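I have placed the structure first, in the form of structure tokens, so that the comments after it can refer back to it.
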Amino acid sequence: MALTDTAIKAAKPASKAFKLSDEKGLYLLVHSNGSKYWRFDYRFEAKRQTLAIGVYPDTGLKEARAKRDDARKQIADGTNPAELRKTEKYTVTEKRREEAEADMIERLIQAGEPLPGSFEAVALEWFAKQESGWAASHSSKIMNRLRSDVFPYMGRTPIDDVTAPEVLRVLERIEERGTTDTAHRAKQNIGQVMRYAIATGRAKYDPVPSLRGALAPNKKNHFAAVTEPAQIAPILRIMAGYRGSPITRAALTIAPCVFVRIGELRQMQWADIDFEVCEWRYTASKTAQDHIVPLARQVIEALRELQPLTGHSRYVFTGARTDTRPMSENTVNAALKRLGIDTQTELTGHGFRAMARTVLEEVHGFRPVNRPGI
């Protein structure tokens, strides 16, 4: 017997759930708490199955019958309505998930934040782990390189989807500016990020080794240096006439006498100087090798004159703005320019080592040999 709205409304809950049957497998399941659910029993491939139709009174008798009839048509067409329902629910859920992801990505892009799992996100994580072991100037150069030349073009790429052709396109953009050295350095940084991604289980391979030979080779730019022995004394006399900061003047006095990289000179620390044996002992940051530098009489004199000014600080050559940091990379070059020395063609702060090599080889017949610690 078919159900009526009157019979449904009159149905009262009992101690146990019971069914109010309609026709063709449709029935209303009345629970002990008074809630009422539409169900449709059917057989598909010789198995009894049940399909949830809706909740009464949100779904009325007429609508419940219409849904039952739709299900019967699906069965007649060879489709299991319960399985179809699962597929539709999955599709809706998947669509909502995709929409939520799209919204999240849009918000991150608008905020300028890296996308989860992207090359940029992993690169920033790698950078944060490495930064404490680098000099501030070195870490700044790496981050500027990534933000300017790499992230805008491949930052959003999922880390596991990074390919050799994509990396090459990024590097060729840099190369086209005529900055081949920067392209090679960017390539090195990308490789470091990819290896970190592999180690942390977020990428399967590093495409960078595949790019060997794909970039133009680096042109070695030699720093300007005085390589004619006869020109050394005149330029040293010019440097001796510097009347600027006494700290910079001391650096100009000492630099030609110690044959070290200018970056190592500006990092010189008072604790590393032994005035009794006239030696400077330090560990080179670039090679992690211990060095022993003998200090000539005039170097010791220059250091003693400087000690009242910077002896309270960690560094011998303190910065212009703070005595907790060493002088900047460009201080010596700026002083040379102020003296009228062309740092592009005559002498740069990095050229003192080449100048020393010239004197040792051509004047004294001594060919320096690179040995650890010397």
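Counting from 1, position 245 in the sequence shown corresponds to residue 943 in the working numbering; the numbering is continuous, with no gaps. Ideal Cβ positions, reconstructed from N, Cα and C, are used throughout, including at glycine. Model, not experiment: these values are computed from the prediction.
query                                                                                                                                                                         : result
What does the Cβ neighbour count give for K760, buried or exposed, with the cut at 16 atoms within 10 Å?                                                                      : exposed
Please state whether the Cβ-Cβ distance between M966 and V891 is less than 8 Å.                                                                                               : no
Taking T1043 as the reference, give the member of A923, I998, L963, H1010 with the closest Cα.                                                                                : A923
Helix, strand or coil for D988, going by three-state DSSP, please let me know.                                                                                                : strand
Span of the beta strand (DSSP E) holding R979?                                                                                                                                : 977-981
If we count Cβ pairs, one from each stretch, closer than 8 Å, do we get three or more for the segment 815-835 versus the segment 853-861?                                     : yes
If you draw a straight line from the C-alpha of I888 to the C-alpha of V906, how long is it?                                                                                  : 7 Å
Given A708, which residues of its chain have a CB within under 6 Å of its CB, disregarding the five upstream and five downstream residues?                                    : none
In the DSSP assignment, what residue or residues form a beta bridge with A750?                                                                                                : R737
By DSSP, does Y894 sit in helix, in strand, or in coil?                                                                                                                       : helix
Is DSSP giving P944 helix, strand or coil here?                                                                                                                               : helix
Are the Cβ atoms of K717 and L724 separated by less than 8 Å?                                                                                                                 : no
I need the straight-line Cα distance from A928 to Q886, nearest angstrom please.                                                                                              : 42 Å
What distance in whole Å lies between the Cβ atoms of P711 and S730, which are believed to be in contact at a cut-off of 8 Å?                                                 : 5 Å
Using C-beta distances below 8 Å, list every residue in its chain close to R1002, excluding the 5 sequence neighbours before and after it, in chain order.                    : F973
Helix, strand or coil for K710, going by three-state DSSP, please let me know.                                                                                                : coil
For L718, write down the residues that DSSP places opposite it in a beta bridge.                                                                                              : L726
My understanding is that T748 touches R763, with C-beta atoms under 8 Å, so please give their C-beta distance in whole angstroms.                                             : Incorrect: roughly 16 Å between the Cβ atoms, too far for contact.
Where G1071 and V991 are concerned, what is the direct C-alpha to C-alpha distance, given to the nearest angstrom?                                                            : Below a pLDDT of 50, predicted positions are generally treated as unreliable, and G1071, at 44, falls in that range; the measurement from the model is reported next regardless. Roughly 9 Å between the two C-alpha positions.
Would you say F957 lies against chain D (beta-carbon separation less than 8 Å)?                                                                                               : Although the question refers to chain D, the structure presented lacks it and comprises just one protein chain.
Here's the rule: buried if 16 or more other CB atoms are within 10 angstroms of the residue's CB, otherwise exposed. What is K734?                                            : buried
Between which two residues does the alpha helix (DSSP H) containing S846 stretch?                                                                                             : Neither: S846 is in no alpha helix (DSSP H) and is coded neither H nor E.
For A862 and L909, which I take to be in contact (beta-carbon distance under 8 Å), what is that distance rounded to the nearest angstrom?                                     : 6 Å
Give me whichever residues DSSP pairs with S816 in a beta bridge.                                                                                                             : P856
From what residue to what residue does the alpha helix (DSSP H) around N1031 run?                                                                                             : 1029-1036
List the whole-angstrom C-beta distance separating T880 from R843, where the pair is believed to meet the contact cut-off of C-beta under 8 Å.                                : 7 Å
Report yes or no: do the segment 1009-1025 and the segment 892-901 share at least 3 C-beta pairs separated by less than 8 Å?                                                  : no
Since I believe R766 is in contact with K722 (beta carbons under 8 Å), could you give me their beta-carbon distance rounded to a whole number of angstroms?                   : 6 Å
Taking all protein chains shown into account, do 16 or more other C-beta atoms lie within 10 angstroms of the C-beta of N1031, making it buried, or fewer, making it exposed? : buried
Rounded to the nearest angstrom, what separates R1069 and Q1005 at their Cα positions?                                                                                        : Reliability fails at R1069, whose pLDDT of 49 lies under 50, so the model's placement of it is uncertain and no value is given.
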